[in-house]
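Residue numbers (this note's numbering): 187 to 390. Every residue, glycine too, gets a C-beta built ideally from N, C-alpha and C. Note that the structure is predicted; figures quoted are calculated from it, not measured.
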Amino acid sequence: MRGKFITFEGIDGAGKSSHVEWLAEWLRSRGLVVQVTREPGGTVLGEKLREMLLNDSMHLETETLLMFAARREHLAQLIEPALARGEWVVCDRFSDATYAYQGGGRGLDRAKFQILERWVHEHVQPDLTLLFDLPLDVARERIVLASRILDRFEQERADFHERVRQAYLERAHAHPSRIQVIDAHNSLDNIRKRLEQIVITNCL
Ligand code: TMP
Numbered sequence: 187m188r189g190k191f192i193t194f195e196g197i198d199g200a201g202k203s204s205h206v207e208w209l210a211e212w213l214r215s216r217g218l219v220v221q222v223t224r225e226p227g228g229t230v231l232g233e234k235l236r237e238m239l240l241n242d243s244m245h246l247e248t249e250t251l252l253m254f255a256a257r258r259e260h261l262a263q264l265i266e267p268a269l270a271r272g273e274w275v276v277c278d279r280f281s282d283a284t285y286a287y288q289g290g291g292r293g294l295d296r297a298k299f300q301i302l303e304r305w306v307h308e309h310v311q312p313d314l315t316l317l318f319d320l321p322l323d324v325a326r327e328r329i330v331l332a333s334r335i336l337d338r339f340e341q342e343r344a345d346f347h348e349r350v351r352q353a354y355l356e357r358a359h360a361h362p363s364r365i366q367v368i369d370a371h372n373s374l375d376n377i378r379k380r381l382e383q384i385v386i387t388n389c390l
């Protein structure tokens with residue numbers, strides 16, 4: 187049987203990444219084989235593209251094409267073979283991030299996004315997407331507290347991140363059965379309980 191594909195999404199600072207490993211371990215404890223991966227990245231080539239995407243300035247369409255190029259490689263090398271073997275794939279970001287960041291944040295024409303999405307993964311969509319949502323000021327505070335060098339996206343102004351957040355929520359509204367919104371304000375324990383409940387209801 188084909189495995190399940192679960193993605194994590196949210197604005198920078200929403201805290202999703204700390205839950206990715208936890209969910210994978212929880213699934214493994216139920217006897218499943220789980221691959222944990224991320225975008226942009228997840229393959230040797232994809233990680234090289236990630237370095238460029240996070241650090242080098244470029245035209246919006248170049249940025250979008252490179253995101254989808256990394257995604258094509260990721261699907262071919264890791265995601266599709268794992269799902270075909272019956273393994274589960276837990277991925278930190280996927281195409282909803284392109285919709286939110288390049289579409290919402292930077293204003294990429296939605297029709298161009300749709301062309302690329304259809305081209306690169308017409309027949310593969312996440313079975314479940316966990317969208318971590320948080321007001322911008324709280325997310326920003328978390329990033330500042332982390333006190334590390336910020337990447338090109340994290341350095342963007344507040345209005346960019348607000349547009350990204352709104353685009354994510356709009357996308358969740360358009361795909362209510364696939365995208366589940368998680369209130370990232372909640373305690374770690376409450377978030378974990380909610381994740382368990384959502385995965386049991388939607389995937390197991
Ligand atoms: P991360 O910090 O969650 O690993 O993600 C890296 C950054 O890349 C994050 O700021 C969001 C951005 N990004 C896009 O702009 N478009 C995309 O399609 C993806 C996957 C990530």
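Per DSSP, the unbroken alpha helix (DSSP H) holding Gln383 starts and ends at 374-388. Relative to the non-hydrogen atoms of the ligand TMP, the Cβ of Asp278 comes within a distance shorter than 8 Å of at least one.
Taking a contact as a CB-CB distance under 8 Å, the pair Leu269 and Val275 counts as one, their CB atoms being some 6 Å apart. In the three-state reduction of the DSSP assignment, Asp319 falls in the strand class, which pools E and B. Gln366 carries a strand assignment under DSSP once its states are collapsed to helix, strand and coil. Excluding its 5 nearest sequence neighbours in each direction, His347 has C-beta neighbours in its own chain below 6 Å: Ile197, Leu322, listed in chain order. Exclusion of the five residues before and after Gly272 leaves Met187, Arg188, Gly189 as the residues of its chain whose Cβ lies within less than 7 Å of its Cβ. Out of Ala370, Ile384, Leu390, the CA that lies nearest to the CA of Lys202 is found in Ala370. Pairing Gly199 with Leu320 gives a Cβ-Cβ distance under 9 Å. Its chain contains Leu240 as the residues whose beta carbon lies nearer than 6 Å to that of Asp337, once the 5 sequence neighbours on both sides are disregarded; these appear in chain order. Remark: C-beta atoms of Leu209 and Leu390 do not approach each other more closely than 9 Å. For Val276, the uninterrupted beta strand (DSSP E) run begins and ends at 274-278, by DSSP. For the ligand TMP, a non-hydrogen atom lies closer than 8 Å to the CB of Phe339. A residue is called buried once 16 or more other Cβ atoms fall within 10 Å of its Cβ, and Gly227 is buried on that count. Taking non-hydrogen atoms of the ligand TMP into account, the C-beta of Leu240 is found less than 8 Å away from one of them.
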